[in-house]
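*Asks:* In my numbering, the protein residues as written are -8 to 478.
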Ligand SMILES: [Zn+2]
Ligand SMILES: [Zn+2]
């Protein structure tokens, strides 16, 4: 029930406010600045009295829940204090050494004691991996495109054992990455980042989107999450935004009867078509509130993508506290725009955050300079785009904070290419697994693969010059071999 109020803040988090940077109500969450209604679901629940913007409402508690889910997924198996309420709770030893004492061994494994609550625990991943041999073979086959069935036959194991190995490898990879990620946050400070949003299984239409954020120039992937929770159940019906349930998506979509217009090869048309698509959503931040075909996963629960996106950027906010400049290149997608503008509200007000939409044709050569620039104000938002063209190659950028004067620099440097490449390589490497008929509606099995692929991309995968993303950023000295990754 709305009763003319905004959804309440959750532990100080309040994400409902006007998201127009130039508006007097930007960032303000007092209901008197808005028109609030919940009688007509086809109309916005909140309209800014000052600028007329209609930012969709969010349940703050549900964003917190999603944030906790992502954090557990990313670091849940790392050695850390597990005492509820302890200030060290959930903070991994790897990145918070000051909170713990080394406390002897349990067999070959390191034991730690929490300085605050005195509880002790064992680091499961501190011994040499006794299964390294078979796991290297398994990964070798997986990375060369062998179907699971064939890998099982070659290594004489059953599928259950295969997936158990995969889970263990993923846990080791997360463990390896945790310390390199910590170095990334210190050494790559203020480097421009890029985000991408793509279907996890492009041929399945199962509604699972894959959101990544990483170093824009070197393609080091820092965060990746999907809007799918394996351990929760799908709700029977739509819940309103005043209940924390609103985060979970029921299987109720307006199905798409026919395919829309083909993609235009003119970049300005593409940008305008995207805005048209966005405005056809009843919630501009939710890709699934317009006619769309979704085959709901047969297990688990889809999460409304805005909750996953806001939660990922809250993670990024937490990780980049000590950065004084945060540049983020984004695909043209209001879901990401709203999440970035909401989460980084203070940084934007202090001009310490630069969110930039970027789009380009496939002919565009990375790092080409922009010779002539056309400025255009587009869409309801009057977004200020800068276009450049060179033969068939075209590129456009839009600074979401409406900063001007650096268009040529943004046009040359802003890019989501490295992160898109990362996702494209994932499809290419694991196509047979991703497209397996049984797998199409069971995305959960791909979760360990995502962790493994991120580790492999950051630490093992070499570019044309034989350099890995971690090396290029000075985080590691040489490429890791699979054996080192699994050690
Ligand atoms: Zn406003
Ligand atoms: Zn503790």
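For glycine and all other residues, C-beta sits at the position ideal for the given N, C-alpha and C.
Since the structure is predicted, the reported quantities are computational estimates derived from the model, not experimental observations.
Any idea which residues DSSP pairs residue 376 with across the strands?
*Replies:* Here residue 376 refers to the residue found at position 385 of the chain shown. DSSP, once it has assigned bridges, lists 367, 389 as partnering residue 376.
*Asks:* Among 313, 211, 282, 187, which has the Cα closest to the Cα of residue 217?
*Replies:* If you number the chain shown from 1, residue 217 lands on position 226. When only C-alpha atoms are compared, the closest one is 187.
*Asks:* Among residues of its own chain, excluding the 5 on either side of residue 426, which ones have a beta-carbon nearer than 6 Å to its beta-carbon?
*Replies:* The sequence position of residue 426 within the chain shown is 435, counting from 1. Take residue 426, set aside five residues on each side of it, and the residues of its chain with a beta-carbon closer than 6 Å to its own are 194, in chain order.
*Asks:* Who sits around ligand 2, taking every residue whose Cβ is closer than 7 Å to one of its heavy atoms?
*Replies:* 72, 74, 77, 79, 80, 105, 107, 108, 110
*Asks:* Taking 7 Å as the limit between beta carbons, can you name the residues of its chain near residue 4, skipping five residues before and five after?
*Replies:* Position 13 of the chain shown, counted from the first residue, corresponds to residue 4. Excluding residues within five positions, the ones whose Cβ falls inside 7 Å are 51, 54, 55.
*Asks:* Use the C-beta contact count for residue 205: other C-beta atoms within 10 angstroms, 16 or more gives buried, fewer gives exposed.
*Replies:* Residue mapping note: residue 205 aligns to position 214 of the chain shown, counting from 1. It is buried - the Cβ of residue 205 has at least 16 other Cβ atoms within 10 Å.
*Asks:* Going by CA-CA distance only, name the one from 403, 344, 392 that's closest to residue 484.
*Replies:* Summary: the structure shown does not reach residue 484, with the chain confined to residues -8 through 478, and so no result is reported for it.
*Asks:* Within the region 443 to 467, note down every full alpha helix (DSSP H) run reaching 4 residues or more, in order along the chain.
*Replies:* Runs of the alpha helix (DSSP H) inside the region 443 to 467: 460 to 463.
*Asks:* How many whole angstroms separate the CB atoms of residue 450 and residue 477, which I take to be in contact at a CB cut-off of 8 Å?
*Replies:* Along the chain shown, one-based indexing puts residue 450 at 459. Along the chain shown, one-based indexing puts residue 477 at 486. Incorrect: roughly 11 Å between the Cβ atoms, too far for contact.
*Asks:* Quick one: what's got a C-beta closer than 7 Å to residue 40's C-beta in the same chain, skipping five residues either side?
*Replies:* Along the chain shown, read from residue 1 onward, the residue named residue 40 stands at position 49. Cβ within range, chain order: 24, 25, 26.
*Asks:* Please determine whether the Cβ atom of residue 16 lies at a distance below 6 Å from any heavy atom of ligand 1.
*Replies:* As a first step, residue 16 must be located in the chain shown, where it is residue number 25. Yes, the beta carbon of residue 16 sits closer than 6 Å to at least one heavy atom of ligand 1.
*Asks:* Thinking just about the alpha-carbon of each residue, which of 242, 292, 272, 265 is nearest to the one in residue 224?
*Replies:* In the chain shown, counting from the first residue as 1, residue 224 sits at position 233. Of the listed residues, the one whose Cα sits closest to residue 224 is 292.
*Asks:* Give every residue of the same chain whose Cβ lies closer than 8 Å to the Cβ of residue 222, excluding the five residues on either side of it in the sequence, and list them in chain order.
*Replies:* Within the chain shown, numbered from 1, the residue matching residue 222 stands at position 231. Within the same chain, residue 222 has close Cβ partners 291.
*Asks:* Quick check: does the Cβ of residue 481 come within less than 6 Å of any heavy atom belonging to ligand 1?
*Replies:* Nothing about residue 481 can be reported from this structure: the residues present for the chain run from -8 to 478 only.
*Asks:* Kindly confirm or deny that the region 43 to 50 and the region 123 to 135 touch, where touching means at least three C-beta pairs closer than 8 Å.
*Replies:* no
*Asks:* Identify every run of the alpha helix (DSSP H) within the region 48 to 88, keeping only runs that are complete inside it and at least 4 residues long; order them along the chain.
*Replies:* Here the runs fully enclosed are 51 to 66.
*Asks:* In the DSSP assignment, find the beta strand (DSSP E) that holds residue 216 and state where it starts and stops.
*Replies:* Here residue 216 corresponds to residue number 225 of the chain shown, with the count starting at 1. Residue 216 -> beta strand (DSSP E) spans 212 to 217.
*Asks:* Can you check DSSP and say which residues form a bridge with residue 201?
*Replies:* By 1-based counting over the chain shown, the position of residue 201 is 210. According to DSSP, residue 201 bridges with 189, 217.
*Asks:* According to DSSP, is residue 137 helix, strand or coil?
*Replies:* In the chain shown, residue 137 corresponds to position 146, counting from 1. Here residue 137 sits in coil by DSSP.
*Asks:* Under 8 Å: do the region 341 to 349 and the region 375 to 392 share three or more Cβ pairs, one atom per stretch?
*Replies:* yes
*Asks:* Are there three or more Cβ pairs, one per stretch, closer than 8 Å when the region 158 to 171 is compared with the region 410 to 421?
*Replies:* no
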